[in-house]
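Taken in order, these protein sequences are the chains called A and B. Under my numbering, the residue at position 14 of the first sequence is numbered 14, and the numbers go up by one with no gaps. Under my numbering, the residue at position 42 of the second sequence is numbered 42, and the numbers go up by one with no gaps. First up is the structure itself, then whatever we jot down about it.
2 protein chains.
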Amino acid sequence: MSIKIGILGYGNLGRGVECAIKQNPDMELAAVFTRRNPDDVKILTEGVKVYPVDEMEKMKDSIDVLILCGGSATDLPVQTPKYASMFNVVDSFDTHAKIPEHFAQVDEAAKQSGKVGIISVGWDPGMFSLNRLYANVILREGNDYTFWGKGVSQGHSDAVRRIEGVKDARQYTIPVPAALEAVRAGKNPELSTREKHTRECFVVAEEGADKARIEEEIKTMPNYFSDYDTTVHFITEEEMKANHSGLPHGGCVIRSGKTGWNQEHNHVIEYSLNLDSNPEFTASVIVAYARAAYRMNKEGMSGCKTVFDVAPAYLSEKSGEELRAHLL
Amino acid sequence: MSIKIGILGYGNLGRGVECAIKQNPDMELAAVFTRRNPDDVKILTEGVKVYPVDEMEKMKDSIDVLILCGGSATDLPVQTPKYASMFNVVDSFDTHAKIPEHFAQVDEAAKQSGKVGIISVGWDPGMFSLNRLYANVILREGNDYTFWGKGVSQGHSDAVRRIEGVKDARQYTIPVPAALEAVRAGKNPELSTREKHTRECFVVAEEGADKARIEEEIKTMPNYFSDYDTTVHFITEEEMKANHSGLPHGGCVIRSGKTGWNQEHNHVIEYSLNLDSNPEFTASVIVAYARAAYRMNKEGMSGCKTVFDVAPAYLSEKSGEELRAHLL
Numbered sequence: 001m002s003i004k005i006g007i008l009g010y011g012n013l014g015r016g017v018e019c020a021i022k023q024n025p026d027m028e029l030a031a032v033f034t035r036r037n038p039d040d041v042k043i044l045t046e047g048v049k050v051y052p053v054d055e056m057e058k059m060k061d062s063i064d065v066l067i068l069c070g071g072s073a074t075d076l077p078v079q080t081p082k083y084a085s086m087f088n089v090v091d092s093f094d095t096h097a098k099i100p101e102h103f104a105q106v107d108e109a110a111k112q113s114g115k116v117g118i119i120s121v122g123w124d125p126g127m128f129s130l131n132r133l134y135a136n137v138i139l140r141e142g143n144d145y146t147f148w149g150k151g152v153s154q155g156h157s158d159a160v161r162r163i164e165g166v167k168d169a170r171q172y173t174i175p176v177p178a179a180l181e182a183v184r185a186g187k188n189p190e191l192s193t194r195e196k197h198t199r200e201c202f203v204v205a206e207e208g209a210d211k212a213r214i215e216e217e218i219k220t221m222p223n224y225f226s227d228y229d230t231t232v233h234f235i236t237e238e239e240m241k242a243n244h245s246g247l248p249h250g251g252c253v254i255r256s257g258k259t260g261w262n263q264e265h266n267h268v269i270e271y272s273l274n275l276d277s278n279p280e281f282t283a284s285v286i287v288a289y290a291r292a293a294y295r296m297n298k299e300g301m302s303g304c305k306t307v308f309d310v311a312p313a314y315l316s317e318k319s320g321e322e323l324r325a326h327l328l
Numbered sequence: 001m002s003i004k005i006g007i008l009g010y011g012n013l014g015r016g017v018e019c020a021i022k023q024n025p026d027m028e029l030a031a032v033f034t035r036r037n038p039d040d041v042k043i044l045t046e047g048v049k050v051y052p053v054d055e056m057e058k059m060k061d062s063i064d065v066l067i068l069c070g071g072s073a074t075d076l077p078v079q080t081p082k083y084a085s086m087f088n089v090v091d092s093f094d095t096h097a098k099i100p101e102h103f104a105q106v107d108e109a110a111k112q113s114g115k116v117g118i119i120s121v122g123w124d125p126g127m128f129s130l131n132r133l134y135a136n137v138i139l140r141e142g143n144d145y146t147f148w149g150k151g152v153s154q155g156h157s158d159a160v161r162r163i164e165g166v167k168d169a170r171q172y173t174i175p176v177p178a179a180l181e182a183v184r185a186g187k188n189p190e191l192s193t194r195e196k197h198t199r200e201c202f203v204v205a206e207e208g209a210d211k212a213r214i215e216e217e218i219k220t221m222p223n224y225f226s227d228y229d230t231t232v233h234f235i236t237e238e239e240m241k242a243n244h245s246g247l248p249h250g251g252c253v254i255r256s257g258k259t260g261w262n263q264e265h266n267h268v269i270e271y272s273l274n275l276d277s278n279p280e281f282t283a284s285v286i287v288a289y290a291r292a293a294y295r296m297n298k299e300g301m302s303g304c305k306t307v308f309d310v311a312p313a314y315l316s317e318k319s320g321e322e323l324r325a326h327l328l
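Take a look at the structure:
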């Protein structure tokens, strides 16, 4: 009996979840739900239907875990608590500052329904968070560093697209090699925002647009660019399509710390990701946690969880014996 | 109320545990147990006593977790089940092939006593195992690679020391840079033993010993060296002491895999360690899992566990709220 997964929201992430389910033989895609007209949503899996979102409640008993693929700004704060009252759910809520509030709401709903809701799953928050936790409990005296990139930041790309005269834009976040090197060498540098990352923008300008003004507006944009060294390249639509249509990303979490009676020994722990497709990797993490949600709920657990609360063995379909024999 | 830790066995690992306890304010060292004459064992922590091992049972109620710092060959197979019948225990059992048997024996003892025993804690097995598991559940289609070093292998150093005419020896395991590079680039190479690691030996020969014969014996030693490219350097005792007295180690676990409907996207996950002191780092991992053993037992759990069975939040003394607010 495979685990029946529902997907709510069929954008890049939803499609990534669909692909990940295909790689997990103990799971099957049961349904995709959309707020669009279902006839307009073409999915990849043969024989699976697309339903309007308001038919979800009727399918309460034929879906084991619902994966919420909406955005953190407005979708998930409403959807995750709402659907945790009917389903085991997993989301990728990534507004760090609002996690406590989101957790409380999902926890209340999931405890009432007796379901499990796992929030903030992906790579950051998610795998990066886990690695921060593991590294911090091991190296008690030390410093944490997180670098992102090289990769496409969707938020920054959108910010550039909102500038007048910009037809399309792609923004790459890039770690500064010297900073990364100093951290990896255990030098524990204090790094300003500007010293950690640079930003590189590829912009398609509208015909006749003032490129100097666009470049100036990007470089001085508060929060997004003004604290960074930013490079702007104007390119053609064809170049954009040919060279910048992917969504690569990645980065690393490094903790450097000391042990010994007089802190005489230095250690560096690094977790790094190099991803061709940010949404597909995020989706692959989410699908593993969907298995955990299902299994934890089967064992009688309920309420809101994060990656910190999930014993790693729940993520695998293999038995404890198999895991100990082959992966330990 | 701090967690009271007992240490059995005061070698490099035991001393590392003592140092790690000092860095964890919610813990205290309650006692050190030894098979030697306690008067001959000088520990670092003021006011803490060293007891003969046969007095351990009397201290059942004043120790929350006993950390077993003996060897995997003969000590732990006996000690861990024996003491799991009285204490929550943590060990670093690292004979991969015998883990299933060890698990079963500790599980039986710990279930009977109602205690928790966490086995095979450290970095490999331990943190490397965890990262193999996490990476495997995320990237279902892919390849695993583990590289060790650059670092001192105690087993290989001992093997060289057993050769006639060798006064002292230190063996370093070193990953082959080209292999590491190909793996990190996502090329999924098939690598022979020789292509993955080289071995470098520093040897102090006894006066008048036949160095050519020693070098030949090292390079052709089955299992230990014959499958590797090995370099041998003869040095003086002074050089050995000055340049090779530490126990650095490290390595990395890499998984490279594909996602996408047609497996069109490649991803690389890497976890790497660069350690000045192998025993102190191992001890720091063990101490974090001692906290988990204590807390899981407080919640009513019992039996044998591995790192796969421990939800990460148990490793930290911080509350769920604090972890979500600061590390997620």
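Beta carbons are placed, not taken as given, at the ideal position from N, Cα and C, and that holds for glycine.
### Task
Determine the DSSP secondary structure at K58/A, reduced to helix, strand or coil.
helix
### Query
Would DSSP call C19/A helix, strand or coil?
helix
### Query
Should F93/B and G251/B be called a contact, given that it needs their Cβ atoms to be closer than 8 Å?
no
### G6/A: first and last residue of the uninterrupted beta strand (DSSP E) it sits in
I3 to L8
### Task
Scan the region 274-293 of chain B for residues whose Cβ lies nearer than 7 Å to a Cβ of chain C and list them as they occur along the chain.
No chain C is present in this structure, whose protein chains are A and B.
### Message
For chain B, check one thing: does any of its Cβ atoms lie closer than 8 Å to the Cβ of F147/A?
### Response
no
### Query
Can you tell which of V310/A, R324/A, I138/A and V152/A has the C-alpha that lies nearest to the C-alpha of I118/A?
V310/A
### Task
Using a threshold of 8 Å, state whether the C-beta atoms of A205/A and V166/A are closer than that.
yes
### Task
Please decide whether A20/B counts as near chain A, where near means a Cβ-Cβ distance under 8 Å.
yes
### Task
Using 10 angstroms around the beta-carbon of K305/B, count the other beta-carbons present and answer buried if the total reaches 16, otherwise exposed.
buried
### Task
Taking only runs that begin and end inside the region 175-253 of chain B, name each unbroken beta strand (DSSP E) of 3 or more residues, in chain order.
197-205 and 229-234
### Task
Provide the residue span of the alpha helix (DSSP H) that contains H156/A, from first to last.
Q154 to R161
### Query
Helix, strand or coil: how does DSSP classify E317/A here?
coil
### Message
If the criterion is Cβ atoms closer than 8 Å, does the pair I3/A and Y294/A meet it?
### Response
yes
### Task
Pull out every residue of the region 103-127 of chain A whose Cβ sits closer than 8 Å to any Cβ of chain B, in chain order.
F103, S120, P125 and M127
### Identity of the residue in V121/B, S85/B, I286/B and Q171/B nearest S240/B by Cα
Looking at the sequence itself, residue 240/B is Met, so the reference to Ser does not match. Ranking the options by Cα distance to M240/B, first place goes to Q171/B.
### Query
Thinking C-beta only, is I21/B closer than 8 Å to V285/B?
no
### Task
State the beta-bridge partners of R329/A as determined by DSSP.
Chain A is shown from 1 up to 328; residue 329/A falls before or after that span and cannot be answered.
### Three-way DSSP call (helix, strand, coil) for E264/A in this model
coil
### Query
Using a C-beta cutoff of 8 Å, does G260/A count as contacting chain B?
yes
### Query
With 16 other CB atoms within 10 Å as the buried threshold, where does A159/A fall?
buried
### Query
Where E207/B and T236/B are concerned, what is the direct C-alpha to C-alpha distance, given to the nearest angstrom?
11 Å
### Message
Within 10 Å of its beta-carbon, does S153/B have 16 or more other beta-carbons around it, so buried, or fewer, so exposed?
### Response
buried
### Task
Mind checking which residues open and close the beta strand (DSSP E) that includes P52/B?
V50 to P52
#### Entry: Opening and closing residue of the alpha helix (DSSP H) in which V330/B lies
Here chain B covers residues 1 to 328 and nothing more, so residue 330/B does not appear.
#### Entry: N-terminal and C-terminal residue of the beta strand (DSSP E) that N88/A is part of
N88 to V90
### Query
So, is M1/B buried or exposed, given that buried needs 16 or more other C-beta atoms within 10 angstroms?
exposed
### Query
Using a C-beta to C-beta distance shorter than 8 Å, which residues of chain B count as neighbours of L315/A?
L133, Y134 and V137
### Identity of the residue in K150/B, L275/B, G257/B and E264/B nearest H265/A by Cα
L275/B
### Message
For A84/B, list the residues DSSP reports as bridge partners.
### Response
In the DSSP output, where bridge partners are listed per residue, A84/B has none listed.
### Task
Can you give me the Cβ contacts of V41/B inside the same chain, cut-off strictly under 8 Å, excluding the 5 residues immediately before and after it?
Y10, V32, T34 and V50
### Query
Do T193/B and D229/B have their C-beta atoms closer together than 8 Å?
no
### Task
With DSSP collapsed to three states, give me the class of K330/B.
In the structure as shown, chain B starts at 1 and stops at 328, and residue 330/B therefore has no counterpart that could be examined.
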